[in-house]
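Student: My questions will all concern the structure given below.
Protein chains in written order, with the working numbering: chain V, 440 to 552; chain Y, 420 to 533.
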């Protein structure tokens with residue numbers, strides 16, 4: 440089965456810097472990869488989807504890259520703000536049907552003012 | 420437009436008791452999912468449904484049952500609760516074409532089994 444590793448459980452950065460989160464996967468290469476944000480006590484919220492034929496995707500201060508050779512996705516937040524503090528999850532299709540997703544355990548980002 | 424609504428938000432049960440968690444979505448989505456989230460384990464799929472009247476097992480289905488009698492509702496049942504089922508439960512829904520649409524999550528039910 441698919442296995443996902445997100446670079447670290449926690450990442451602290453200074454406000455204004457760029458945060459880079461890593462999602463590594465094993466086994467088969469997925470057709471797409473998704474990133475979600477989860478705040479304490481809330482459900483995950485979708486941020487970005489990137490397909491296997493896309494190298495990069497951007498949305499405002501967010502950028503996602505997808506390297507199928509390295510089996511890795513990088514998630515960048517530029518000009519980070521304290522409001523960006525949250526847990527970020529990557530997710531891949533699990534291949535078990537019905538568009539099921541397999542989620543990583545997440546990286547908890549803290550942006551320090 | 421409420422999205423995905425889960426009830427209750429919190430519940431404490433004793434071992435052996437039963438309960439039903441309710442998920443309702445107002446986005447006319449075909450697919451619905453139940454996950455549990457435990458520290459260090461991430462979200463794990465319990466059961467899912469591809470449409471009204473259908474259900475299927477996910478990664479960790481044991482000890483749970485589900486029903487999808489109406490398209491907008493997806494119920495998760497615990498027949499005889501066990502302490503190992505203490506967790507945060509999330510419901511999600513999505514349209515049939517996930518490549519263009521994300522999964523939409525509720526805010527969870529925090530369940531403690533004593």
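The C-beta atom is built at its ideal place from N, Cα and C for all residues, glycine as well. This one's a predicted model, so the numbers in the text were calculated from it and none came from an experiment.
1) For residue 466/V, count neighbouring Cβ atoms within 10 angstroms of its own Cβ and tell me buried if that reaches 16, exposed if not.
2) Reducing DSSP to helix, strand and coil, say where residue 458/Y ends up.
3) To which residues does DSSP link residue 475/V through a beta bridge?
4) Can you give the Cα-Cα distance for residue 479/V and residue 526/Y, rounded to whole angstroms?
5) Starting from residue 444/V, follow the beta strand (DSSP E) in both directions and report where the run begins and ends.
6) Below 8 Å, can you find three or more Cβ-Cβ pairs linking the stretch 454-467 of chain Y to the stretch 507-515 of chain V?
7) So with Cβ pairs under 8 Å, would you call residue 525/Y a contact of chain V?
8) Along chain Y, which residues have their Cβ under 7 Å away from the Cβ of residue 511/V?
9) Between which two residues does the beta strand (DSSP E) containing residue 506/V stretch?
10) Tell me whether the beta-carbon of residue 504/Y lies closer than 8 Å to the beta-carbon of residue 462/Y.
11) Work out the CA separation of residue 488/V and residue 514/Y for me, nearest whole Å.
Tutor: On the basis of the supplied data:
1) Answer is exposed; the Cβ neighbour count stays below 16.
2) coil
3) 485/V and 528/V
4) 10 Å
5) 443-445
6) no
7) yes
8) The contacting residues do not exist; residue 511/V stays about 18 Å from chain Y at best.
9) 501-506
10) no
11) 15 Å
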